[in-house]
Amino acid sequence: MLCLNKNPIDCFFPVYKEMVSSFHAGGNDIGMNSRSSLHVLEGTERLIKEELVRCIWFGQHLKRACLCTDNGSRLEILSPGWWNSEGGPDFKHAEFLLEGKGLVKGDIEVHVFSSDWIRHQHHKQSTYDTVCLHVALWNDNHGAYMKNHRGQTIPQLTLSKYLDAELDELVELIDVESYLKGKKVNPGYCQTEMENQKVNDQWIGRFLDYAGDERILQKAKRYERWLEKGTFEQVLYEAVMESLGYKNNKEPFFTLASRLPLEDIRYVIPEDASAQKKKKNMQSLLLGMAGLLPQQRNKKPTDDKETANYINDIEHAWNEIQKKINRDPLTKNDWSYAGIRPANFPERRIAAIANILSECSSLSIFRYLLSVLEKVENYQEERKIIKRLVEDIQSIFLGISDSYWSYHYTWYGKKLAKPVKLLGKERASNIFINVIIPILLIYARKHSNTKIEKVLHLTYRNYTPLPDTSVTKFMGNRIFGQPNVSKKIINSVRRQQGLYQIFKDFCENDNMSCNKCALYLSMVKD
DNA sequence: CGGTCAAATATCTTTCGGCC
DNA sequence: GGCCGAAAGATATTTGACCG
0 MLCLNKNPID CFFPVYKEMV SSFHAGGNDI GMNSRSSLHV LEGTERLIKE ELVRCIWFGQ
60 HLKRACLCTD NGSRLEILSP GWWNSEGGPD FKHAEFLLEG KGLVKGDIEV HVFSSDWIRH
120 QHHKQSTYDT VCLHVALWND NHGAYMKNHR GQTIPQLTLS KYLDAELDEL VELIDVESYL
180 KGKKVNPGYC QTEMENQKVN DQWIGRFLDY AGDERILQKA KRYERWLEKG TFEQVLYEAV
240 MESLGYKNNK EPFFTLASRL PLEDIRYVIP EDASAQKKKK NMQSLLLGMA GLLPQQRNKK
300 PTDDKETANY INDIEHAWNE IQKKINRDPL TKNDWSYAGI RPANFPERRI AAIANILSEC
360 SSLSIFRYLL SVLEKVENYQ EERKIIKRLV EDIQSIFLGI SDSYWSYHYT WYGKKLAKPV
420 KLLGKERASN IFINVIIPIL LIYARKHSNT KIEKVLHLTY RNYTPLPDTS VTKFMGNRIF
480 GQPNVSKKII NSVRRQQGLY QIFKDFCEND NMSCNKCALY LSMVKD
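What follows is the structure, given as structure tokens:
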């Protein structure tokens, strides 16, 4: 078993990454795929899984206007087809227009590498004769097409040339969790090996700790790229906004934040206005730019005076503000309401961020964070540091109250008997872990401030786990089998985040990568 | 048009831990 | 060891979009 005792424990240290690369150095990997996705990495350091490529294809995250097959024919996708959960091609009943052929209907097979077509033996299987387009993320054999079992030519599309965002951004945006639903979880090699070797709780805990640190480091890396184009406060604002999109609205929230940078907001909303006026203007600015005001949608009459007054106020303010902004607002179609509980509709979250911004001096959440850090650094007791840091930072999210939105879920929605928070504890925790810690970590390192890093790490490793998700449940089953064992060991967000990291790196393909998993290999190593 | 579903907060219950 | 307050855990409640 790999010794994990010698590494530093009070800061974010890339122990996990070193372990992973030690197992995969040299390229002589074991397993069925002679060349795994580990070795060809363009534009991302993550391991790209076929499931992700399927999601890219199904979600059509492509520059659709200029698609060409690998032999140069113009291609227009009418329908990406429907998921096929049984054997055979990945998507059924797709439709597209192909130059020289016209309308084509048929099935689609998706791979990470174009050469996977032959490696998976599809050119010898008649079940793949219905495939009319082969879609690969990367074209590694530089061919222009594939052949099926009857020798017919299948046109091929290479996605990497047409992605509508950086690959690592897509990795963040695409929900790879949903496919886990309903599948039964098989124990991993890790679980079997743990029983064989009687791996103790401390060892596995430590491993998860380091994996959890790696997750923060990777998030930090992502934000570091954003920082090339913006200031800390702008990046923090964008990241918080993205986080407010929960799962389905990350994209429009992020777009809103980049179309409406803090600088522009400051230009439109004077610092010296009264608190109330600032709040109202901020709401109308953000909601207006989001395209979510009632006037921008279907206007319904109401006999509720309070609602009518509020809407009137906000829309009036927007009509004035709109003149000073020369960028187009988003529209209702940019937002997704599917599968979102009314309490978390985008309108409410936008109202929330508007209230937060208008209450921060100079609209800077970042500056507020720094002031909290400064205060906390001087405390002696560790417990007190942890408590105050979390409480003070989260108070700006939890403490929001709004005369309208605290009592309503929607425009014209019925008035709630009791006020409901615009952002709750869970969201605040999420923002704290996924956004604030990574960004402050970058800041600490840029300023060589190890004290801040230590405070962040201290808080991180003492923070209780967030509620379970499909991924944490899956991983709990996969590694520990019994939920009570899992619960005992996963006693911090740090370890919980470690589960996500290992999942992303190794388990996403179900059983495929168990033999390459760093957790398993660390156990069997002598 | 009505059943189903989505996920957060509010509230109630149990456990934990510190302290005398 | 027992008491009290705090934290953690479990359960109930909530509205409106979507799909057939």
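Using numbering that gives the first Met the number 0, count along the first sequence one by one with no gaps and you end on 525.
Every residue, glycine too, gets a C-beta built ideally from N, C-alpha and C.
If we call anything under 8 Å between Cβ atoms a contact, is Leu518 one with Cys189?
Remark: C-beta atoms of Leu518 and Cys189 approach each other more closely than 8 Å.
With a threshold of 7 Å, establish whether the CB of Ile203 neighbours any heavy atom of the ligand PLP.
No copy of the ligand PLP occurs in the structure displayed, which carries no ligand at all.
List the endpoints of the continuous beta strand (DSSP E) containing Asp106.
101 to 112
Taking the continuous alpha helix (DSSP H) assigned at Leu132, which residues delimit it?
Careful: Leu132 lies outside any alpha helix (DSSP H), inside the beta strand (DSSP E) at 130 to 137.
Could you give the C-beta distance for Thr126 and Gly105, rounded to a whole number, given that I count them as a contact under 8 Å?
Not really, about 13 Å apart at Cβ, beyond 8 Å.
By how many angstroms is the C-alpha of Phe431 removed from the C-alpha of Gln124?
The alpha-carbon atoms of Gln124 and Phe431 are separated by roughly 50 Å.
Quick one: grab the DSSP three-state call for Ser36.
With a pLDDT of 39 at Ser36, under the threshold of 50, the modelled position of that residue is not reliable, and the figure given next carries that caveat. Under the three-state reduction of DSSP, Ser36 is assigned to coil, being neither helix nor strand.
Indicate the three-state DSSP secondary structure (helix, strand or coil) for Lys414 in the structure shown.
coil
What would DSSP say about Glu227, mapped onto helix, strand or coil?
In the structure shown, Glu227 sits in coil (DSSP, three-state: anything other than H, G, I, E or B).
Any contact of the stretch 7 to 18 with the stretch 200 to 213, i.e. 3+ C-beta pairs under 8 Å?
By the C-beta criterion, the stretch 7 to 18 is judged to be in contact with the stretch 200 to 213, since at least 3 inter-stretch pairs fall below 8 Å.
Alpha carbon to alpha carbon, how far is Gln481 from Gly475?
7 Å
With a Cβ-Cβ cutoff of 8 Å, do Leu66 and Leu162 count as a contact?
If you check the CB distance, Leu66 and Leu162 do not come in under 8 Å.
Give me, in chain order, the residues of the same chain whose beta-carbon lies closer than 8 Å to that of Asn6; leave out the 5 immediate sequence neighbours on both sides.
Within the same chain, and ignoring the five residues on either side of Asn6 in sequence, the residues whose Cβ sits closer than 8 Å to its Cβ are Phe12, Val14, Tyr209.
For a quick check, are the C-beta atoms of His60 and Leu169 less than 8 Å apart?
In contact: His60 and Leu169 (Cβ atoms closer than 8 Å).
Taking only the alpha-carbon atoms, compute the straight-line gap between Glu241 and Lys100 and give it to the nearest angstrom.
42 Å
Please name the residue or residues paired with Lys146 in a DSSP beta bridge.
Thr152
Only counting the same chain, and skipping five residues up and downstream in sequence, which positions put a Cβ closer than 7 Å to that of Pro88?
Asp106, Ile107, Glu108, Tyr127, Thr129, Val130
Going by beta-carbon coordinates alone, are His133 and Ile117 separated by less than 8 Å?
no
Of the residues Leu457, Lys472, Cys513, Val484, which one's Cα is nearest the Cα of Asp212?
Leu457
With DSSP run on the structure shown, which of helix, strand or coil describes Glu165?
coil
If you count every other CB in all the chains shown that lies within 10 Å of the CB of Leu74, and 16 or more means buried, which is it?
buried
Whose C-beta lies closer than 6 Å to the C-beta of Phe351 among residues of the same chain, with five residues either side of it excluded?
The question names Phe, but residue 351 is Ala in the sequence shown. Same-chain partners within the cutoff: Ile399, Leu421, Leu422.
Kindly give me the distance between the Cβ atoms of Leu292 and Leu286, rounded to whole angstroms, as I take these residues to be in contact under 8 Å.
Confirmed, about 5 Å.
Among Trp56, Ile349, Ser521, whose alpha-carbon lies nearest the alpha-carbon of Ser159?
Considering only alpha carbons, the answer is Trp56.
Assess contact between the stretch 228 to 240 and the stretch 361 to 378, defined as three or more Cβ pairs (one per stretch) separated by less than 8 Å. Is contact present?
yes
Going by the CB atoms, is the gap between Ala342 and Val419 shorter than 8 Å?
With contacts defined as CB atoms closer than 8 Å, Val419 and Ala342 qualify as a contacting pair.
Indicate the three-state DSSP secondary structure (helix, strand or coil) for Cys67 in the structure shown.
If DSSP states are grouped into helix, strand and coil, Cys67 belongs with the strands.
For Asn429 and His122, I'd like the C-alpha separation in whole angstroms.
46 Å
Based on the DSSP secondary-structure assignment, which residues constitute the bridge partners of Thr542?
What the structure shows of the chain is the stretch from 0 to 525, and residue 542 is not part of that stretch, so it cannot be assessed.
Based on Cα-Cα distance, which residue from Lys278, Phe253, Thr254 lies nearest to Arg265?
The option with the nearest alpha carbon to Arg265 is Lys278.
Express the C-alpha separation of Tyr459 and Met522 in angstroms, rounding to a whole number.
Near 26 Å, if we compare the C-alpha coordinates of Tyr459 and Met522.
Provide the residue(s) that pair with Ile76 in DSSP beta bridges, ordered along the chain.
Phe95
Which residues in the same chain have their Cβ closer than 8 Å to the Cβ of Thr463, if we skip the five residues on either side of it in sequence?
The residues Asn490, Ser491, Val492, in chain order, have a CB closer than 8 Å to that of Thr463 in the same chain once the five nearest residues on each side in sequence are set aside.
Buried or exposed: Asp504, going by 16 or more other Cβ atoms within 10 Å of its Cβ?
buried
If you run the structure through DSSP and keep just helix, strand and coil, what is Glu284?
For clarity, residue 284 is Leu in the given sequence; the question names Glu instead. Note: Leu284 maps to helix in three-state DSSP.
Cβ of Ile435 within 8 Å of Cβ of Ile384?
No; because the gap between Cβ atoms is not below 8 Å, this pair is not in contact.
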